[in-house]
Every structure is written in C-alpha cells, then in structure tokens.
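With the first letter of the sequence shown counted as 1, position 364 gets the number 363 in numbering that gives the first Met the number 0; the numbers rise by one all the way through. Glycine included, C-beta positions come from ideal geometry on N, C-alpha and C. Since this is a predicted model, take the numbers as computed values, not measurements. One structure is given here, and the rest of the page talks about it.
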Amino acid sequence: MQPPFDLVLTGGTVVRPRDVPRPADVGIRDGKIAALLKNGTAVDAAERVDVTGLHLFPGGVDPHNHIALSTSGLEEYRTDTAAAAKGGVTTMMYMLSNGGSYLPMLAEHTSAASSLSHIDFGYHCTLMTDEHISEIDEYRSQYGLRSFKYFMHFRGDEGAYLNVEGTHDGRFFGIAQAVAARGDLLLVHAENPEIVWVLRDELIAAGRDDLAAWDESRPPFVEAEAIRKATFFAQRTGCRMYFVHVSTADSLDQLRKARVEFASDSLFAETCPHYLTHTSDWAGGVVGKVNPPLRTAGHPDALWAALADGTVNTLGSDHVGRQRVAKEGGIWKASAGFPGAPTTLPVLLSEGYHRRGLPLQRIAELTAKNPAELIQADHRKGDIAVGLDADLAIVDLQKTRTPDPAWLGTFSDYSLYEDMPLKGWPRHTLVRGQFVVRDEELVGTSGYGTYIRGED
0 MQPPFDLVLT GGTVVRPRDV PRPADVGIRD GKIAALLKNG TAVDAAERVD VTGLHLFPGG
60 VDPHNHIALS TSGLEEYRTD TAAAAKGGVT TMMYMLSNGG SYLPMLAEHT SAASSLSHID
120 FGYHCTLMTD EHISEIDEYR SQYGLRSFKY FMHFRGDEGA YLNVEGTHDG RFFGIAQAVA
180 ARGDLLLVHA ENPEIVWVLR DELIAAGRDD LAAWDESRPP FVEAEAIRKA TFFAQRTGCR
240 MYFVHVSTAD SLDQLRKARV EFASDSLFAE TCPHYLTHTS DWAGGVVGKV NPPLRTAGHP
300 DALWAALADG TVNTLGSDHV GRQRVAKEGG IWKASAGFPG APTTLPVLLS EGYHRRGLPL
360 QRIAELTAKN PAELIQADHR KGDIAVGLDA DLAIVDLQKT RTPDPAWLGT FSDYSLYEDM
420 PLKGWPRHTL VRGQFVVRDE ELVGTSGYGT YIRGED
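Set out below in structure tokens:
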C-alpha cells in the first residue's frame, strides 16, 4: 500500500503535451507528481482540493525573460515572478548580458533570485567576447548552463546599453562552433543592423515618429535574411540554434526552407504573444515599441498557423519589467520591450484555443514541454508525469478577465492587454506541490523559487 499523498487534486482534466486531455486525479508527494489516478479513486491524503471543471496544465516554462533593465534592479525577481505565477508560469529563464565575465553576475543573480523569487528560475548568458568563450566550461560546470545567446544585430554601438561590444560574423561563427562542440543550444536574435541604420536615418529625415515607422526601419526581410545566414552557420558547425522572437511570415518561410535543405531537426523557433495579437497600427503607439517590431496585418495569421503546424516550437514572453515612463521621448528614443510573462497562457487560451481551435495539448507543448526539453530541464519540468516536479497551472477555461496591471503586479505600470478581455485564466498555480497562487490571488512566499540547472 502506497504512503499517503501530501495533496490530491480531484475531479479535474489533465492536459499533457502530445496527448489528448483526460479526466484524472493528481497525487502529489514531496513536491513531485506521485500518481495520476482515475477520478474518484479512494486514497489517503493530508489535503484534498476539488478542481472539478478545471483543466490542469503543466506549469509554464517561459524561456525568454529579461531582468534589471528598468529602475527596479533585482527587485523584479520578487514582483515579476509573482505576477508570472498568476498567469500559470512556474519557471522563468532569464537572459543575462554583460561585457565582462559572467561568473560574478551569475553569483549575484542566483543569490538575489533565491531570496526573492516566487517560482523557479534559470539563465541563458549572452556570448559576445573571447572571454565569454573561454569561460563557457565554467558556466556549465558551476551553474549548469546548457543554453547561451547571441545578438546578430549587436554591431557598432548597438549593444552599448548592455555593455556589450560590437560583433562580426567571424565571432558569430566561432561562438557557434564552441556551443556546438558541447552539444548546447544557441539562442539567436536575428537581425541585420546595417540595413536598419540606413532605413532608420531615412525615416528620421522624413520626420517620422510613429510605431509603424519602427517597423519600417526594421522590415521583415531584415529578420529573414539574418535567419537565413544563421542557418548556414548552424549547418556548417552542427550548432543547435533557437531563433528567439520570430515575428514575420518571411522568417517562417526561411526556417522551413532551411530545415528541408539541411535536413535539420536542430533549428528551432520561438515567437511571442504580442506578435500574435498586436500590429504596427496599434492605438497604443510608442508603448508598443519592441525589438523586433510589431508587424503589419497578415504576419500574426502566419504565426498562428506556424504554431499549429509545428514550425514554431515555443512561446516566450520576452518579458521586460519597464514602466510607462521609459516609453517617453518618441519612437526613436523610447525603450523597447514591455511586460508579458503573466499573459502568455491566457493569450493562447483566449486567442488560440477559443478563437482558432488550437488544441489544449499543443498549448501545453508550446508553453511547457518544448521549452523544458530545449533547456535540458525536462528531467524536472514540462509535463504532468510521475517523478516530475508538481508544477501546475490549474485553469478555468471559461474565466474572462481583462488584465489589470495593478492586479498582475509586475514592476511595470501597464500591460499591452489591459483593455483586451482574455478568456481562460489559471485559478491556482502550484510550484513543486505548493500553492503559489490560490483562487487567483498570490499566496506563495518570496524566496520559494529554486535555481534550475540543465542536465546533459
């Protein structure tokens, strides 16, 4: 006879990636999924919670977040992880960028996040210098990093705001070789900045200062051409490449062609919720500045189709906890980026499942299973299976909420979705078997989150 469970969730429907949703009770013990049981199975448990009528998704693994790009410093580990949990996210992966060694930065961030975060967390470090390449093995051994980032557009002084020096194709090729030699994943921000500089200057000279001008300065082919070049580097080096925030139909076409031409199953794509729901004529204007830009009509439909057909592998929020004041100064001076982690799952449920028929199991795959596999954390995360962490987003598919920035609680004081009703929200979120959000309100404690190491 098995020992009692710490918690049993009864009466719900379990949504596992790559499987049809099925009614099941979930038994949790010592922070892990201990059993999937037929609804109503009699078992001993310290606590039972009735989730009849709700759908249990694996907790979201958000592969793309930024930290400390605002005035809040590392306090965002407290505010924005709590907000993400309200949207069913249970693991956040952060992009760290620095011109020098990452060893002091990783020590500082893991310490701060361990004392502040409500949910689990991990890192990708941006590789841009010879020092970074020389220290890869230390990042791997000391911190378990198995994924790194490269900015193709950080040429000239483009990366100065992150203290990152300008790059060139030779360095990109060398970084791809180094990452490939270790079997790791390289996340690539693909844009050709030299074309952007020319187009930007023409638009400024013409007096343009609107959100559409930001898109016109970085048109779709700028992203698609860079992706095409990067896939050649991937083929030559054997590097597993993951293209972050893919925003255009043109880029999807290049990825499909490259996968066929190079017979490659090692080219991956991420898109972001805002590219699915917003376009460059959005009434919010400069608040919608992001890099790559919001695009014209037609591109969102192409991205929705790519989510359904498997061209796009994951959803990353590209979350940035900046406040509205950072959007002042016009389109050319305003900061790029905005908060997004808390609304990723609701966007997919509302605009994907309810509006377009995107299957629930595909949503679980995009938000949990695929990112967990890619960061080599699927030994703990990404599914509802015996032995894995009991990370769960327990969703009311019929709940409609218009996201109120104050309720979300990020460091930001706005949301792209604050005027957009979204249907489908988590009622409860559990991290390693503990309620972090219960009945839509934060109940977890700051500092509960733990650091996630990748495993070979």
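- Between the alpha carbons of Asn191 and Tyr101 lies a distance of about 26 Å.
- Here the region 241-260 makes no contact with the region 69-83; the two share fewer than three CB pairs at distances below 8 Å.
- Considering only Val324, Pro345 and Leu344, the residue with the shortest C-alpha distance to Gly336 is Val324.
- Excluding the 5 residues flanking it on each side, Ile330 has same chain C-beta neighbours closer than 7 Å at Asp208, Asp209, Leu210, Ala212, Trp213, Val285 and Lys288, in chain order.
- A distance below 7 Å between beta-carbons, with the five flanking residues on each side excluded, links Lys228 to no residue of its chain.
- Each residue's CA atom was taken as its position, placing Gly315 and Ala367 some 10 Å apart.
- The DSSP-derived three-state label of Ser116 is coil.
- Partner residues in the beta bridge of Pro22, as assigned by DSSP, are Thr12.
- A straight-line Cα-Cα distance of about 36 Å links Ser113 and Ala305.
- About 7 Å separates the beta carbons of Gly87 and Phe56, which is inside the 8 Å limit, making them a contact pair.
- Shortest Cα-Cα distance from Leu441 to any of Arg21, Arg47, Gly72 and Thr409 involves Thr409.
- For Arg321 against Ser334, the beta-carbon gap comes to about 5 Å, under 8 Å, which counts as contact.
- DSSP places Asp395 inside the beta strand (DSSP E), whose first and last residues are Leu391 to Arg400.
- The C-alpha of Arg294 is placed about 12 Å away from the C-alpha of His244.
- Three or more beta-carbon pairs separated by less than 8 Å are not found between the region 30-48 and the region 403-420, which leaves the two stretches without contact.
- Looking at the DSSP output, Ser146 shares a beta bridge with Leu184.
- Contact annotation: Asp390 and Gly58 have beta-carbon atoms nearer than 8 Å.
- Residue ranges of uninterrupted alpha helix (DSSP H) with 4 or more members, entirely inside the region 242-324 and ordered along the chain, are 248-260, 272-276 and 298-308.
- Contact between His318 and Asn64 is confirmed by a C-beta separation of about 4 Å, below the 8 Å threshold.
- In this structure, DSSP gives Pro218 a state outside helix and strand, which the three-state scheme calls coil.
- Rounded to the nearest angstrom, the gap between the Cα atoms of Asp308 and Arg361 is 10 Å.
- Around the beta carbon of Ala371, 16 or more other beta carbons sit within 10 angstroms, so the residue counts as buried.
- Considering only Ser140, Glu46, Thr399 and Thr40, the residue with the shortest C-alpha distance to Gly423 is Thr399.
- In the DSSP assignment, Trp424 forms a beta bridge with Asp395.
- Of the candidates Trp303, Tyr241, Ala301 and Tyr138, the residue whose Cα lies closest to the Cα of Asp264 is Tyr241.
- DSSP places Val442 in the coil class of the three-state scheme, outside both helix and strand.
- DSSP, read as helix, strand or coil, puts Asn369 in helix.
- The three-state secondary structure of Ala335, taken from DSSP, is coil.
- Counting every other CB atom within 10 Å of its CB across the protein chains shown gives His167 a total below 16, marking it as exposed.
- Assignment of Gly169 by DSSP, reduced to helix, strand and coil, places it in the helix class.
- Pairwise C-beta distances place the region 120-131 in contact with the region 142-152, as three or more of them are shorter than 8 Å.
- Looking at the DSSP output, Met240 sits in a beta bridge with Leu185 and Leu266.
- Take Ala384, set aside five residues on each side of it, and the residues of its chain with a beta-carbon closer than 7 Å to its own are Ile32, in chain order.
- Cβ contact annotation for Tyr413 (same chain, cutoff 6 Å, sequence separation greater than five): Arg323 and Pro404, in chain order.
- Burial state of Ser110 is exposed, judged by a 10 Å Cβ sphere holding fewer than 16 other Cβ atoms.
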